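Everything below concerns the one structure shown next.
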Amino acid sequence: MLTDNENRYIEIIEFICSYNQISKEQLITLLKYRDNKYLLFLIFKKYRCTDKNVILKILNLKSKQSINLNFKKAEERFFINKEFREKYFTIEEKISTII
Numbered sequence: 009m010l011t012d013n014e015n016r017y018i019e020i021i022e023f024i025c026s027y028n029q030i031s032k033e034q035l036i037t038l039l040k041y042r043d044n045k046y047l048l049f050l051i052f053k054k055y056r057c058t059d060k061n062v063i064l065k066i067l068n069l070k071s072k073q074s075i076n077l078n079f080k081k082a083e084e085r086f087f088i089n090k091e092f093r094e095k096y097f098t099i100e101e102k103i104s105t106i107i
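One rule links them: number in my numbering = place in the sequence shown (from 1) + 8.
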C-alpha cells in the first residue's frame with residue numbers, strides 16, 4: 009500500500025505520461041533526455057516529493073547521490089535556459105490543477 013506522499017509521486021508521473029502521451033514504461037526512455045529528467049525533478053521539488061528512497065524505487069535510479077546531482081542540475085538549468093523555464097511553467101501550471 010502506498011502512502012499519501014508516494015501517491016503524490018505517482019500522480020505527478022501519471023500526469024507527465026499523459027502530458028507527453030506515453031506509457032509509464034516509455035517514461036524511463038523519455039527521462040534519458042536531460043531536460044525531461046530535470047523537469048520531473050523540479051516538479052518533484054515543487055511538490056515536496058524529495059524522498060530519495062521513493063525516487064530510487066519509482067524511477068529505478070542507481071544512487072542517492074545521482075538524485076542530489078539531478079536536483080542541483082535541474083535548478084541550474086532552470087536559471088540559465090529561458091526555453092526550459094517556459095516549459096517548466098507550462099507543465100507546472102497544468103499539474104497544479106490536478107494536485
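By construction, the Cβ of each residue, glycine as well, lies at the ideal position given by its N, Cα and C atoms.
Note that the structure is a prediction, hence the values are computed from the model and not measured.
DSSP-derived helix/strand/coil call for residue i
i: S26; result: helix
i: D43; result: helix
i: N15; result: helix
i: I107; result: coil
i: L67; result: helix
i: F93; result: What sits at residue 93 in the sequence shown is Arg, not Phe. Three-state DSSP puts R93 in a helix.
i: T58; result: coil
Residue i - containing alpha helix (DSSP H), residue span
i: N76; result: K72 to I88
i: T37; result: K32 to L38
Beta-carbon proximity of residue i to residue j, cut-off 7 Å
i: K53; j: I75; result: no
i: V62; j: E14; result: yes
i: Y27; j: C57; result: no
i: C25; j: L39; result: no
query: On the three-pair Cβ rule with 8 Å, is the region 81-101 touching the region 47-57?
result: yes
field: contact_flag[the region 62-82, the region 15-22] where n(CB pairs < 8 Å) is 3 or more
entry: yes
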